[in-house]
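This report refers to the structure that appears directly beneath it.
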Amino acid sequence: MKEQFARWNILFIQYLKRDWKKIIFWVLGLGLFASAFVPAMEEITRGEGLLGMYETMKNPAMISMVGPTPIETANDYTLGAMYSHMMLLFSALFAMTISMLHIIGHTRKEEDLGLTELIRSFQVGRQSNSLAVIVETVLINILIMFFVAGVMISFGADSISTEGAFLFGASIGVAGIMGAGIALIMAQIMPISSAATGSSLGIMGLLYIIRGGTDISNADLSMLNPLGWTYLTYPFTQDNLKPIIYALIFSVITIIIAFALEGARDMGAGYLPQKEGRAEAKKSLLSVPGLFIRLNRGIIISWLIAFIILGAAYGAIYGDIESFIDSNELIQQMFAHSGVSIEESFTGTIMMVMAALVAILPIAIVNKLFSEERGLYLSQIYGTKVRRSQLYWTSVTLAIGVAIIGILFAAGGLGGAAISVMEDSSMDIFDFLAIGYNLLPIVLFFTALAALTLGWMPRLGKVIYGYLTYSFFLNYFEGMLDLPEPLLKTIPQSWIPNMPMEDFDIGIFIIMTGLSILLMLIGYLGYSRRDMIEGD
Amino acid sequence: MSKILRVKGLQKRFGKVQALKDVTFDVEAGEVVGFIGPNGAGKSTTIRILLGIIKMDSGDAKIFGKDVWKDSFEIHKRISYVPGEVALWGNLTGGEIIDLFMKLHGAGDRAKRDYLIERFELEPRKKAKGYSKGNRQKVGLIAALSVDSDLYIFDEPTSGLDPLMEQVFQEEVEKIKEAGKSVLLSSHILSEVERLADKVVIIRQGEIVEAGTLEELRHLTRSTVVLETEKDVSKLRDIKGVHDFVQRDDQGIFSVENKYLNDILIEATKLGVKKFEANPPTLEDLFMRHYKG
Chain B
1316 MKEQFARWNI
1326 LFIQYLKRDW
1336 KKIIFWVLGL
1346 GLFASAFVPA
1356 MEEITRGEGL
1366 LGMYETMKNP
1376 AMISMVGPTP
1386 IETANDYTLG
1396 AMYSHMMLLF
1406 SALFAMTISM
1416 LHIIGHTRKE
1426 EDLGLTELIR
1436 SFQVGRQSNS
1446 LAVIVETVLI
1456 NILIMFFVAG
1466 VMISFGADSI
1476 STEGAFLFGA
1486 SIGVAGIMGA
1496 GIALIMAQIM
1506 PISSAATGSS
1516 LGIMGLLYII
1526 RGGTDISNAD
1536 LSMLNPLGWT
1546 YLTYPFTQDN
1556 LKPIIYALIF
1566 SVITIIIAFA
1576 LEGARDMGAG
1586 YLPQKEGRAE
1596 AKKSLLSVPG
1606 LFIRLNRGII
1616 ISWLIAFIIL
1626 GAAYGAIYGD
1636 IESFIDSNEL
1646 IQQMFAHSGV
1656 SIEESFTGTI
1666 MMVMAALVAI
1676 LPIAIVNKLF
1686 SEERGLYLSQ
1696 IYGTKVRRSQ
1706 LYWTSVTLAI
1716 GVAIIGILFA
1726 AGGLGGAAIS
1736 VMEDSSMDIF
1746 DFLAIGYNLL
1756 PIVLFFTALA
1766 ALTLGWMPRL
1776 GKVIYGYLTY
1786 SFFLNYFEGM
1796 LDLPEPLLKT
1806 IPQSWIPNMP
1816 MEDFDIGIFI
1826 IMTGLSILLM
1836 LIGYLGYSRR
1846 DMIEGD
Chain R
12 MSKILRVKGL
22 QKRFGKVQAL
32 KDVTFDVEAG
42 EVVGFIGPNG
52 AGKSTTIRIL
62 LGIIKMDSGD
72 AKIFGKDVWK
82 DSFEIHKRIS
92 YVPGEVALWG
102 NLTGGEIIDL
112 FMKLHGAGDR
122 AKRDYLIERF
132 ELEPRKKAKG
142 YSKGNRQKVG
152 LIAALSVDSD
162 LYIFDEPTSG
172 LDPLMEQVFQ
182 EEVEKIKEAG
192 KSVLLSSHIL
202 SEVERLADKV
212 VIIRQGEIVE
222 AGTLEELRHL
232 TRSTVVLETE
242 KDVSKLRDIK
252 GVHDFVQRDD
262 QGIFSVENKY
272 LNDILIEATK
282 LGVKKFEANP
292 PTLEDLFMRH
302 YKG
């Protein structure tokens, strides 16, 4: 038995040295994500904010996303109660995901890459690597627990107790450890690392969806769900320690099972056979558009789902919108535009936010052509009778297509959910779609900027995301801060009338669309003339 | 013979680095040309220019008499190319990628494809992310060999292949050659070039330092001679054309400039020749001559 784990401690120390930068990034990134929003939340809860938030968060759509709260009257809904309600489940998911990726990356992935073979040729036990990696991951999650608790306590908020803060941190920590256990089992069962990653994340996703259902119908059932053992600790309200114990028992059992499975298999083998693909391609793949759709399929589908969920999530709060906005001066300022109903004003602002998010997808698709170029994936295709124009315009057209569909999904999700929760709405679904498509030229403009860089300065493709982020924040805070006009004019969001407060302007719509197409054409001139950049 | 490929005075600069200084060579119809040189000498850069992937700064390069940059689309209808590093999309299977490349090329032969998959022992149902380097290489090669072309350009085609598969590749190239097609074969593996190539082009630091048939190149280079004589063999040491003379007992080992071979043999017979061996330079000797010192 001991032989199996020989010298694991040497590997462990080695891995801490190897990973120390990653560990710092991990602990800080996850830790701050989980803990640092306390002051921002305090801002929201000013005045009657908590009451409004309580109403909003009681919405079944919200509960299915973030989980329930044990609080039964709005008066008991403290800052701590709201914080753990809103943040704990997401933080736990985040912790679980990183731990899963870390475990598989340093077990199964290294096995696939042949690194394990090298390590095992030394005087190292057959399971020493797994033990070292799991101990490392557990240690990191314990660090996260202390870090999160420390940061939260440091804000000194009344309702954030020391015990609660540690429970909050521990809930996140055990989520990471459970994720590590699940991932280590999958690393043994699956034939290849990507399948292990996919199935681990898939299990997490499934647990998330199941608990969404049980949280609404019967929260006791969520207590049977490993993912439930994180947020059901209810820090700052009930301070329930039991789920943590369940989670630790679960982690120990999964890790023991994983080691048993690993001990009984050959290196590089799995318990499930490798899934075979097609020996021959389907017709739909056999063209440049077919290939590009296939390559971008995953990212397109996942983003479109994200758009519709996000739209629906915003839409779900229309029912409580007035109490929500009335309750907070800051938010009032952001949404108050005179002369229109509060729904309309809210829709205008939210749609602007969503247009910026929708723009990410077409930018990603255009940038993808360069990452394919750089990664040498297209090298052999350059030698076939595929013209550069085909590569460029297929990418750009696909990007324009998803921009149009993305707005449909975001505006449709928002409108659909909003209309279903409002008792008497002043807006119908076409109003929502019109407001959404009014912003299409903004999305096209960002797409065109990505195309322009692809043609002339492809290495700067990622800068477009920076400009998008800048424009997002400038636009978002425009209402709150008194920003000078010339500064506002640096972003395309300000060039277009803000429907429904302002009227649609066909002239501007056409000019901006035309400008975008012109930029795409200029980008093509560059793309058709420049050297392809391969491999650096 | 008609010229399939003609490259003259090719130059290319990347920033401060002058990658190609002067690249000039030809490929005739039905000819296999070995393009050899160490890493970084400019082989892949030259090939990328020929394919219109990058643009030359100056010089002239034509395939089938057409400009490699302006008419690349026309040229690509009749060439096959396998890059030095075959990167494949992890989520597609080898079979799918081969089909895609064949379709994008246009003139594919299904039967040939299936035959090559079998010969190269590729598992076409496997996702590409599970392939080793050698298997990725096979995908590129099968796709390129399954289509009918007039010029085949291979950049380090056998890197990662095991010796058996190298053999299969060489046999397939011989078939192409028999069918009268041309091949530009960039390679490190000199035995492979020696076996397949009619002509060799040696590139060093962006310049062609040697080009010609193996025969011609050999003639320019010294042969190694082992000579055993009855009388003192050391008398040969000072004859013109003899270099690097080493004596071991009665044996003299030295290299000879081919044009002086006759004079040396006349002198040697005076000493009473007991044993005579002459070895022509291998490609490796030729190659090393340009890279040593």
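Here the protein sequences line up with chains B and R, keeping their order.
So that you can map any letter, position 151 of the first sequence is 1466 in the numbering used here, and since no number is skipped, the others follow by simple counting.
So that you can map any letter, position 150 of the second sequence is 161 in the numbering used here, and since no number is skipped, the others follow by simple counting.
Each residue gets a CB set at the ideal place from its N, CA and C atoms; glycine is no exception.
Problem set entry | Rounded Cβ spacing between I1419 (chain B) and A1511 (chain B) (contact assumed at less than 8 Å) | In the first sequence, residue 1419 (chain B) corresponds to position 104, counting from 1. In the first sequence, residue 1511 (chain B) corresponds to position 196, counting from 1. Going by Cβ atoms, the distance from I1419 (chain B) to A1511 (chain B) rounds to 5 Å, so yes, they are a contact pair.
Exercise. How would you call N1753 (chain B), buried or exposed, if buried means at least 16 neighbouring beta carbons within 10 angstroms?
Worked result: Taking the first residue of the first sequence as 1, we reach residue 1753 (chain B) at position 438. Looking at its Cβ environment, which holds 16 or more other Cβ atoms inside 10 Å, N1753 (chain B) is buried.
Problem set entry | Pairwise C-alpha distance: F298 (chain R) and K114 (chain R) | Residue numbering aside, residue 114 (chain R) sits at position 103 when the second sequence is read from its first letter. Residue numbering aside, residue 298 (chain R) sits at position 287 when the second sequence is read from its first letter. So the alpha carbons of these two residues sit roughly 39 Å apart.
Exercise. Just reading off the alpha helix (DSSP H) that R24 (chain R) is part of, what are its end residues?
Worked result: If you number the second sequence from 1, residue 24 (chain R) lands on position 13. Not the alpha helix (DSSP H): R24 (chain R) falls in the beta strand (DSSP E), residues 14-25.
Problem set entry | Neighbourhood of G304 (chain R) by C-beta distance below 8 Å, restricted to the same chain and skipping five residues each side | Position 293 of the second sequence, counting from 1, holds the residue named residue 304 (chain R). Because the pLDDT at G304 (chain R) is just 46, under 50, the model does not fix this residue reliably, and the value given afterwards should be weighed accordingly. There are no such residues.
Problem set entry | CB contact check: D1391 (chain B) to chain R, cutoff 9 Å | If you number the first sequence from 1, residue 1391 (chain B) lands on position 76. Answer no: the Cβ-Cβ gap between D1391 (chain B) and chain R never drops below 9 Å.
Exercise. At a Cβ cut of 8 Å, what residues of the stretch 130-151 of chain R count as close to chain B, listed as they run along the chain?
Worked result: P135, R136, K137, K138, K140, G141, G151
For this session: Spell out whether any CB of chain R is found under 9 Å from the CB atom of E1451 (chain B).
Result: Within the first sequence, the letter at position 136 stands for residue 1451 (chain B). No, its Cβ sits nowhere closer than 9 Å to a Cβ of chain R.
For this session: Give a yes or no on whether the minimum CB-CB distance between V97 (chain R) and chain B is below 9 Å.
Result: Your numbering for residue 97 (chain R) matches position 86 in the second sequence. Closer than 9 Å: yes.
Exercise. Quick one: which chain R residues come within Cβ less than 7 Å of G1471 (chain B)?
Worked result: Residue numbering aside, residue 1471 (chain B) sits at position 156 when the first sequence is read from its first letter. Chain R residues near G1471 (chain B): none, gap ~50 Å exceeds 7 Å.
For this session: Note down the Cα distance separating G198 (chain R) from V28 (chain R), rounded to an integer number of angstroms.
Result: Start at 1 with the first residue of the second sequence, and residue 198 (chain R) comes out as number 187. Start at 1 with the first residue of the second sequence, and residue 28 (chain R) comes out as number 17. First, the amino acid is wrong: residue 198 (chain R) is Ser here, not Gly. The alpha-carbon atoms of S198 (chain R) and V28 (chain R) are separated by roughly 23 Å.
For this session: Go through the stretch 65-120 of chain R residue by residue and report every complete run of the alpha helix (DSSP H) that reaches 4 residues or more, in order.
Result: 83-87, 105-116
Exercise. Would DSSP call P291 (chain R) helix, strand or coil?
Worked result: For the purposes of this step, residue 291 (chain R) is taken as the residue at position 280 of the second sequence. P291 (chain R): coil per DSSP, three-state reduction.
Exercise. Along chain B, which residues have their Cβ under 7 Å away from the Cβ of D110 (chain R)?
Worked result: Position 99 of the second sequence, counted from the start, is the residue given in the question as residue 110 (chain R). Near D110 (chain R) (Cβ distances below 7 Å), the residues of chain B are E1595, A1596, L1601.
Exercise. At a Cβ threshold of 9 Å, is P94 (chain R) touching chain B?
Worked result: As a working note, residue 94 (chain R) is residue 83 in the second sequence. So yes, P94 (chain R) belongs to the interface.
Exercise. From what residue to what residue does the alpha helix (DSSP H) around D1530 (chain B) run?
Worked result: Indexing the first sequence from 1 puts residue 1530 (chain B) at position 215. Here the alpha helix (DSSP H) through D1530 (chain B) covers 1508-1532.
For this session: Can you grab the Cα-Cα spacing for the pair F1348 (chain B) / L1802 (chain B), in whole Å?
Result: Within the first sequence, the letter at position 33 stands for residue 1348 (chain B). Within the first sequence, the letter at position 487 stands for residue 1802 (chain B). F1348 (chain B) and L1802 (chain B): Cα-Cα distance of roughly 30 Å.
Problem set entry | Stretch-stretch touch, CB-based, cutoff 8 Å, three pairs: the stretch 1707-1727 of chain B with the stretch 1660-1673 of chain B | yes
For this session: Please confirm if the stretch 1348-1367 of chain B is in contact with the stretch 1462-1471 of chain B, defined as three or more CB-CB distances below 8 Å between the two stretches.
Result: yes
Exercise. Considering only C-alpha positions, which residue in the set B:G1578, B:A1726, B:K1590, B:D1581 is nearest to I1910 (chain B)?
Worked result: Since the first and last residues shown for chain B are 1316 and 1851, residue 1910 (chain B) lies out of range.
Problem set entry | Bounding residues of the alpha helix (DSSP H) (the contiguous stretch that carries Q181 (chain R)) | Counting from one through the second sequence, the residue named residue 181 (chain R) turns up at place 170. It spans 174-189 - the alpha helix (DSSP H) in which Q181 (chain R) sits, taken as one unbroken run.
Exercise. Near V97 (chain R), which residues of its chain fall below 6 Å by C-beta distance, leaving aside the five closest residues on each side in sequence?
Worked result: Here residue 97 (chain R) corresponds to residue number 86 of the second sequence, with the count starting at 1. Here the set comprises R147, Q148, G151.
Exercise. For the 8 Å Cβ check, are there 3 or more pairs between the stretch 1787-1794 of chain B and the stretch 1737-1756 of chain B?
Worked result: no
For this session: Following the continuous beta strand (DSSP E) through G263 (chain R), name the residue where it begins and the one where it ends.
Result: By 1-based counting over the second sequence, the position of residue 263 (chain R) is 252. Per DSSP, G263 (chain R) belongs to the beta strand (DSSP E) from 262-267.
For this session: Would you kindly work out how many angstroms separate the C-alpha atoms of M12 (chain R) and E39 (chain R), rounded to a whole number?
Result: As a working note, residue 12 (chain R) is residue 1 in the second sequence. As a working note, residue 39 (chain R) is residue 28 in the second sequence. Residue confidence is low: M12 (chain R) scores 49 on pLDDT, short of 50, so the model does not pin down where it sits. Its coordinate-derived value is still stated next. So the two alpha carbons sit approximately 6 Å from each other.
For this session: Kindly indicate which three-state DSSP category G304 (chain R) falls into: helix, strand or coil?
Result: In the second sequence, residue 304 (chain R) corresponds to position 293, counting from 1. Unreliable positioning characterises G304 (chain R) in this predicted model, as indicated by a pLDDT of 46, which lies under 50. The coordinate reading is nonetheless provided below. Of the three classes helix, strand and coil, the one that applies to G304 (chain R) here is coil, per DSSP.
For this session: Can you tell me the Cβ-Cβ gap for A1410 (chain B) and L1345 (chain B), rounded? I've got them flagged as a contact below 8 Å.
Result: Start at 1 with the first residue of the first sequence, and residue 1410 (chain B) comes out as number 95. Start at 1 with the first residue of the first sequence, and residue 1345 (chain B) comes out as number 30. Their Cβ separation, rounded to whole angstroms, is 6 Å, which keeps A1410 (chain B) and L1345 (chain B) in contact under 8 Å.
Exercise. What are the boundary residues of the alpha helix (DSSP H) that I1722 (chain B) is part of?
Worked result: For the purposes of this step, residue 1722 (chain B) is identified with residue 407 of the first sequence, where counting begins at 1. 1703-1736 is the extent of the alpha helix (DSSP H) around I1722 (chain B).
For this session: Find out if the Cβ-Cβ distance for the pair Y92 (chain R), F165 (chain R) is shorter than 9 Å.
Result: Along the second sequence, read from residue 1 onward, the residue named residue 92 (chain R) stands at position 81. Along the second sequence, read from residue 1 onward, the residue named residue 165 (chain R) stands at position 154. Cβ atoms of Y92 (chain R) and F165 (chain R): closer than 9 Å.
Exercise. I1504 (chain B): which of B:I1339, B:Y1842, B:G1578, B:F1661 sits nearest, CA to CA?
Worked result: Counted from its first residue, the first sequence places residue 1504 (chain B) at position 189. The option with the nearest alpha carbon to I1504 (chain B) is B:G1578.
Exercise. In or out: L175 (chain R) buried (at least 16 other Cβ within 10 Å) or exposed?
Worked result: Position 164 of the second sequence, counting from 1, holds the residue named residue 175 (chain R). Answer is exposed; the Cβ neighbour count stays below 16.
Problem set entry | Rounded C-alpha distance that separates G1494 (chain B) from K138 (chain R) | Counted from its first residue, the first sequence places residue 1494 (chain B) at position 179. Counted from its first residue, the second sequence places residue 138 (chain R) at position 127. Each residue's alpha carbon lies about 27 Å from the other.
Exercise. Under a three-way DSSP split, which group does Q148 (chain R) fall into?
Worked result: Taking the first residue of the second sequence as position 1, residue 148 (chain R) is located at position 137. Q148 (chain R) falls in the helix class under three-state DSSP.
Exercise. Just how far apart, CA to CA, sit R248 (chain R) and I275 (chain R)?
Worked result: The residue given as residue 248 (chain R) occupies position 237 in the second sequence. The residue given as residue 275 (chain R) occupies position 264 in the second sequence. Their Cα atoms are separated by approximately 10 Å.
For this session: In the DSSP assignment, find the beta strand (DSSP E) that holds Q29 (chain R) and state where it starts and stops.
Result: Taking the second sequence and counting its residues from 1, the one referred to as residue 29 (chain R) is at position 18. It spans 28-39 - the beta strand (DSSP E) in which Q29 (chain R) sits, taken as one unbroken run.
Problem set entry | Where T1384 (chain B) falls: helix, strand or coil (DSSP) | Taking the first residue of the first sequence as 1, we reach residue 1384 (chain B) at position 69. DSSP places T1384 (chain B) in coil when its eight states are reduced to three.
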